[in-house]
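Below is one structure, written out as structure tokens; the observations come after it.
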DNA sequence: CCTTAATGTATAACATGTTATATAATAACC
DNA sequence: GGTTATTATATAACATGTTATACATTAAGG
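Protein chains in written order, with UniProt numbering: chain D, 1 to 162; chain W, 1 to 162.
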């Protein structure tokens, strides 16, 4: 068994560590989504959630809202267009800006997600780390250990059983 | 100004959030490395640190030690071979396994890094989040705000001035 | 107004993670 | 001991982030 250097090195490898935990969390989240039979990627959810919250947004505003760069937003919106969840049209007053809005199918997805999927995911993550406290490195260790012990998809409202 | 949905949604977008903070932290770390004039990527450091700590390791052990998949480790080790920091040769007793070891150049890099760069990075990250406490979402918010206010590269032993 | 600068989006090239699978070497089992 | 299973690494194909840059449209200045 090999030592986990990223964990051992602590603050020095914090970037690598946060990335890999985030990737693991997103993969686990994807599993919950897939098991619910939905056709969407975990990373696409923040985009439709942003439009649901704020109304139609431009590519640039979406990039800001989700915290990635504009080309990344352009690509993800392209995928959501393909999937039929959003619609895009030039802003009437400024032909450079593209307003992205939810289609009926997209709104249905949001409505269903709000009712069924998002609460489940949020509850599972809260089960994983909602009660944690203390220095961040300790919390990260607890999260990694927790995910290794019980993956996110098995943390649905069955907290008491453990 | 658009709302940061990933932050707003809390536990629901924790995966995206950790990933993006990790990416930001690694980009900032890279800046520190570049400013020191070193030719290495932040993401490659854990590999040579692992070998420095444990001695020659196989590709599979390195993948484990760094917490990524084997193909990822194969690629990064390929880059470190190109850079001349590591050497690879089949294990004498098992020709399937490839033992990766530090070259003299690689050992020099580690020695110099231990003395100059790693303490600087660790100190900057500790300055950013070493004193934090409390629920993880609050700490993440503090980290994001902290990075926006003062990037990692400007957090070198000048903590008192702020 | 007409040129030039600024802004918003798209595209290209690259980085680095993943999964699935091919290939080579070793271990296991009649 | 020769076939079959397992193991270790390499490679292919893909996902999703980045930076740099091209292109179209609008704003600004003379």
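Glycine included, each C-beta is placed from N, C-alpha and C at the ideal position.
Where residue i sits in the DSSP three-state scheme
| i | result |
| --- | --- |
| residue 103 of chain W | coil |
| residue 87 of chain W | strand |
| residue 152 of chain D | helix |
| residue 145 of chain W | helix |
| residue 135 of chain D | coil |
| residue 162 of chain D | Caution is warranted here: a pLDDT of 47 is assigned to residue 162 of chain D, below 50, making its placement in the model unreliable, and the coordinate value is therefore given only provisionally. Reduced to three states, the DSSP call for residue 162 of chain D is coil. |
| residue 93 of chain D | coil |
| residue 68 of chain W | coil |
| residue 109 of chain W | helix |
Alpha-carbon to alpha-carbon, residue j and residue i
| i | j | result |
| --- | --- | --- |
| residue 97 of chain D | residue 127 of chain W | 40 Å |
| residue 36 of chain W | residue 16 of chain D | 20 Å |
| residue 93 of chain W | residue 59 of chain W | 16 Å |
| residue 160 of chain D | residue 142 of chain D | Only weak support exists for where residue 160 of chain D lies, its pLDDT of 49 falling under 50; the coordinates are left without a value. |
| residue 118 of chain D | residue 103 of chain W | 50 Å |
| residue 42 of chain D | residue 33 of chain D | 7 Å |
| residue 123 of chain W | residue 136 of chain W | 21 Å |
| residue 7 of chain D | residue 13 of chain D | 7 Å |
| residue 129 of chain W | residue 73 of chain W | 29 Å |
| residue 105 of chain W | residue 83 of chain W | 9 Å |
| residue 20 of chain W | residue 22 of chain D | 8 Å |
| residue 110 of chain W | residue 49 of chain W | 7 Å |
| residue 10 of chain D | residue 121 of chain D | 28 Å |
| residue 2 of chain W | residue 52 of chain W | 46 Å |
| residue 107 of chain D | residue 76 of chain W | 42 Å |
| residue 79 of chain D | residue 78 of chain W | 33 Å |
| residue 112 of chain W | residue 131 of chain W | 28 Å |
| residue 56 of chain W | residue 67 of chain W | 17 Å |
| residue 162 of chain W | residue 18 of chain W | The predicted model places residue 162 of chain W with a pLDDT of 47, which falls under 50 and marks its position as unreliable; any figure quoted below should be read in that light. Roughly 26 Å separates the two Cα atoms. |
Boundaries of the alpha helix (DSSP H) in which residue i is found, first to last residue
| i | result |
| --- | --- |
| residue 26 of chain D | 14 to 35 |
| residue 52 of chain D | 45 to 54 |
| residue 127 of chain D | 118 to 129 |
| residue 2 of chain D | Residue 2 of chain D -> no alpha helix (DSSP H), and no H or E assigned at all. |
Minimum Cβ-Cβ distance from residue i to chain D less than 8 Å
| i | result |
| --- | --- |
| residue 109 of chain W | no |
| residue 33 of chain W | no |
| residue 164 of chain W | The displayed coordinates of chain W run from 1 to 162. Any statement about residue 164 of chain W would go beyond what the structure contains. |
| residue 26 of chain W | yes |
| residue 98 of chain W | no |
| residue 54 of chain W | yes |
8 Å Cβ cutoff, residue i in contact with chain W
| i | result |
| --- | --- |
| residue 88 of chain D | no |
| residue 162 of chain D | Summary for residue 162 of chain D: the model assigns pLDDT 47, below 50, so the residue's position carries little reliability; its value from the coordinates is reported in the next sentence. It does not: the Cβ of residue 162 of chain D has no partner Cβ on chain W nearer than 8 Å. |
| residue 145 of chain D | no |
| residue 2 of chain D | yes |
| residue 40 of chain D | no |
| residue 66 of chain D | yes |
| residue 77 of chain D | no |
| residue 116 of chain D | no |
| residue 57 of chain D | yes |
| residue 106 of chain D | no |
| residue 101 of chain D | no |
| residue 70 of chain D | no |
For residue i: DSSP bridge partner residues
| i | result |
| --- | --- |
| residue 58 of chain W | W:99 |
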